[in-house]
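Undergrad: Below: one structure in structure tokens.
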Amino acid sequence: MAEFLFSLTSVGTKLPKQILEEARASIIEKVVKEGALIGSGTAMPPIFEKLLKTNSPIIGLSINQIVELGNQIEFTHLTPTAVQNWVKREVKQLIGSPQLGKKYTVEQAATLFIVEDLKASLDFDSIGKILALLFNNPEDREDDVIDPLRFYHAYATIFEKIYYHSGENMHQNMDQFIQKEALKLVETFEELSREQKNMVSSILLTASLSVFSAYYKTLTRKYCTAALLTNGEW
């Protein structure tokens with residue numbers, strides 16, 4: 011998703027269609043490996059088809075589109091009502107007003123996805139304080155320590171590397187794994203001072219662990235449902 015959001019901006023190195031084709035190929039490979047049938051689950055969600063048809067060089071997203079896009083992310087459960095409340099109250103200072111008419115920028119959407127990830131383990135007051143260390147005036151991205159989309163891509167990269175490539179080791183000393191990857195990644199942010207790199211690294215660790223928290227909550231609900239079904243409760 012982070013790469014797809016990048017592809018919707020002027021700094022993206024790949025086209026949106028290319029990102030989606032790579033994602034679909036990955037899904038099909040996984041389905042085939044697991045011996046499942048390839049069916050409607052690999053069809054492209056309508057939100058992607060709609061965005062691919064957009065000819066505007068600057069992409070704006072409505073709340074409903076942000077919700078629909080966000081719900082394509084694993085372990086994410088957004089509703090229009092919840093996001094409306096966030097932008098009007100809980101994280102209003104982080105998001106700001108819609109910057110493209112009545113629509114939000116890709117960076118504002120990324121910030122909302124970050125909030126959703128952090129919400130798995132932090133309250134809104136803590137989320138507001140920790141993200142205020144990184145993002146300043148939402149109408150001027152030049153004064154951010156790190157751009158929201160870049161930060162989102164950074165911890166998504168860490169999560170993917172550990173979740174998909176660490177096997178059983180993922181469950182052992184996870185914080186050390188993530189901390190090591192975060193420290194390695196922030197060294198690529200050459201414009202940051204040492205103090206800023208240390209801060210960004212700590213918040214990357216926080217965000218990554220929060221995503222894993224959402225993962226374990228999803229897994230817990232899955233096995234709870236299976237247990238209830240097995241015993242004829244549902």
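The opening residue of the sequence shown carries number 11 in the working numbering; numbering runs sequentially from there. Positions of the beta carbon are idealized from the N, C-alpha and C atoms, including for glycine.
Looking at the secondary structure, which residues open and close the alpha helix (DSSP H) in which Q118 lies?
TA: 116–128 is the extent of the alpha helix (DSSP H) around Q118.
Undergrad: Within 10 Å of its beta-carbon, does G80 have 16 or more other beta-carbons around it, so buried, or fewer, so exposed?
TA: Classification for G80: buried.
Undergrad: Going by DSSP, which residues form a beta bridge with K113?
TA: According to DSSP, K113 bridges with L110.
Undergrad: Determine whether the beta carbon atoms of Y165 and A217 lie at a separation below 8 Å.
TA: Yes, they are a contact pair.
Undergrad: In this structure, how does DSSP classify L132 when only helix, strand and coil are distinguished?
TA: Looking at L132 - three-state DSSP - the assignment turns out to be coil, as it is neither helix nor strand.
Undergrad: DSSP beta-bridge partners for L71?
TA: DSSP lists Y114 as partners of L71.
Undergrad: Between the Cα of P67 and the Cα atoms of A53, E31, E78, V21, which residue gives the shortest distance?
TA: Checking every option, the nearest Cα to that of P67 belongs to V21.
Undergrad: Output yes or no for whether 8 Å exceeds the beta carbon distance between E100 and F145.
TA: No, these two residues do not count as a Cβ contact at 8 Å.
Undergrad: May I have the straight-line CA-CA distance separating F161 from D154, to the nearest angstrom?
TA: Going from the Cα of F161 to the Cα of D154 covers about 11 Å.
Undergrad: Residues in the same chain with beta-carbon distance under 7 Å from Q75, minus the five sequence neighbours each way, listed in chain order, please.
TA: Cβ within range, chain order: I57.
Undergrad: Just checking my contact of S220 with D150 at CB under 8 Å: how many whole Å lie between their CB atoms?
TA: At roughly 27 Å, the Cβ-Cβ gap does not stay under 8 Å, so S220 and D150 are not in contact.
Undergrad: Report the rounded CA-to-CA distance for L30 versus G138, giving the unit in angstroms.
TA: Approximately 32 Å, taken between the alpha carbons.
Undergrad: From this set, F222, T240, F187, which residue's C-alpha is nearest T86's C-alpha?
TA: When only C-alpha atoms are compared, the closest one is F222.
Undergrad: Should S203 be labelled buried (16 or more other beta-carbon atoms within 10 Å of its own) or exposed?
TA: Answer is exposed; the Cβ neighbour count stays below 16.
Undergrad: Residue range of the alpha helix (DSSP H) that P55 falls in?
TA: Where P55 is concerned, there is no enclosing alpha helix (DSSP H), given that its DSSP letter is neither H nor E.
Undergrad: For P158, which residues in the same chain have their Cβ closer than 7 Å to its Cβ, ignoring the five residues on either side in sequence?
TA: Same-chain partners within the cutoff: E117, A120, T121, I124, F145.
Undergrad: Assuming I83 is part of the alpha helix (DSSP H), what are its boundary residues?
TA: Per DSSP, I83 belongs to no alpha helix (DSSP H) and is neither H nor E.
Undergrad: Buried or exposed: I73, going by 16 or more other Cβ atoms within 10 Å of its Cβ?
TA: Classification for I73: buried.
Undergrad: Helix or strand or just coil, what does DSSP make of P90?
TA: Of the three classes helix, strand and coil, the one that applies to P90 here is helix, per DSSP.
Undergrad: Using only alpha-carbon positions, find the residue among L15, I213, T23, E197 that is nearest to S136.
TA: Nearest of L15, I213, T23, E197 to S136, Cα basis: I213.
Undergrad: Which class does T64 belong to by DSSP, given the choice of helix, strand or coil?
TA: The answer is coil: DSSP assigns T64 none of H, G, I, E or B.
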